[in-house]
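Going by this note's numbering, the sequence shown opens with residue 91, and the numbers climb by one from there. Here a beta-carbon is modelled for each residue, glycine too, at the ideal position from N, C-alpha and C. These numbers come from a predicted model, not from an experiment. Here the structure comes first, spelled out in structure tokens, and everything after it is commentary.
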Amino acid sequence: MLTPNEAKLVIHDKCCKAIRDKLLVILAINPVGPLMVAELKPRAATAGWRNAAKVNISMTLSRSKGLAILTDKGWELTEPGKQHIATLVAAVPGNKVILHTSNSLRTHLAKITDPLSHGFVEEAVKCFEAKQFRAAVVFSWAGAIGVLHKHVFDKYLAVFNAEALRRNSKWQQAKQQDDLGAMKESVFLDVCESLAVMGNNVKQTLQNQCLRLRNSCGHPNSVVIAEHAAASHIEILILNVFSKF
91 MLTPNEAKLV IHDKCCKAIR DKLLVILAIN PVGPLMVAEL KPRAATAGWR NAAKVNISMT
151 LSRSKGLAIL TDKGWELTEP GKQHIATLVA AVPGNKVILH TSNSLRTHLA KITDPLSHGF
211 VEEAVKCFEA KQFRAAVVFS WAGAIGVLHK HVFDKYLAVF NAEALRRNSK WQQAKQQDDL
271 GAMKESVFLD VCESLAVMGN NVKQTLQNQC LRLRNSCGHP NSVVIAEHAA ASHIEILILN
331 VFSKF
């Protein structure tokens, strides 16, 4: 989630006075993963927190109220813990775009029950936090389409197949969720609009902005995007897909 320099800024800011919060920030330094106590102390020293060597790390994290948990591989942040980190970082003066967007995505991530879509959105969050913006665009779009596929499969399958067959006599009727992926995404969105799954304005926004940007980011070319373009793309998906379906 955080680079070492970003972690330094948070740890030494007035928003991060509690020892528990400092330890959570150390856990949030990339690469994020389970860490044993012996691995946490050098990270803390690198971040300029010299008193960490005197802290009872296991006891402090065990009292974190579920923000961090101990696994067989060490201490790691939970989803509430990652959202707590985002709140701490947002309180630090400076660029808040990345943490605001990743925090919003993580909030909606917890509500996605489809395992495939959940996996794509989780990858999008990790890529965005690591400033891999093209990858974040591609994965967040894949997650959004996965959410829409599940919604259509669960609630509109019969009428969807009928409309798809009307448009294309060669359409093989979808019998499982994965079958919906045989349809071009732009056409899939057209069918969704015709079935009133979404309105025309939403469809146009998804097609003309999000899908177009995904296509640019998902193919070999020289396009370069920064956090604001990726954040706008992800925000559209949050507001029009992840928070609705």
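Exercise. Straight-line CA distance for Leu167 to Ala128?
Worked result: If I take the Cα positions, the gap works out to 17 Å.
Exercise. Can a CB atom of chain D be found closer than 9 Å to the CB of Arg140?
Worked result: In the structure shown, chain D does not exist; there is a single protein chain.
Exercise. Mind checking whether His339 and Phe332 have CB atoms under 9 Å apart?
Worked result: Because residue 339 is not part of the residues shown, which for the chain are 91 to 335, the question remains open.
Problem set entry | Length of the line joining the Cα atoms of Glu219 and His102 | Cα-Cα distance, rounded: 21 Å.
For this session: State the DSSP-derived secondary structure class of Trp67, mapped to helix, strand or coil.
Result: Absent from the model: residue 67. The displayed extent of the chain is 91 to 335, so no value can be given.
For this session: With DSSP collapsed to three states, give me the class of Ala200.
Result: Coil.
For this session: Following the continuous alpha helix (DSSP H) through Lys131, name the residue where it begins and the one where it ends.
Result: Run containing Lys131: 127–136, per the alpha helix (DSSP H) assignment.
Exercise. Of the residues Glu275, Arg256, Val277, Leu247, which one's Cα is nearest the Cα of Lys265?
Worked result: Among Glu275, Arg256, Val277, Leu247, the Cα nearest to that of Lys265 is on Leu247.
Problem set entry | For Leu285, three-class secondary structure by DSSP | If DSSP states are grouped into helix, strand and coil, Leu285 belongs with coil.
Problem set entry | Straight-line gap, Thr191 to Ser306 (C-alpha atoms, nearest Å) | Distance between the alpha carbons of Thr191 and Ser306 is about 21 Å.
Problem set entry | Residue range of the alpha helix (DSSP H) that includes Lys240 | For Lys240, the uninterrupted alpha helix (DSSP H) run begins and ends at 223–245, by DSSP.
Exercise. Within 10 angstroms of its Cβ, does Met149 collect 16 or more other Cβ (buried), or is it exposed?
Worked result: Its Cβ having fewer than 16 others within 10 Å, Met149 is exposed.
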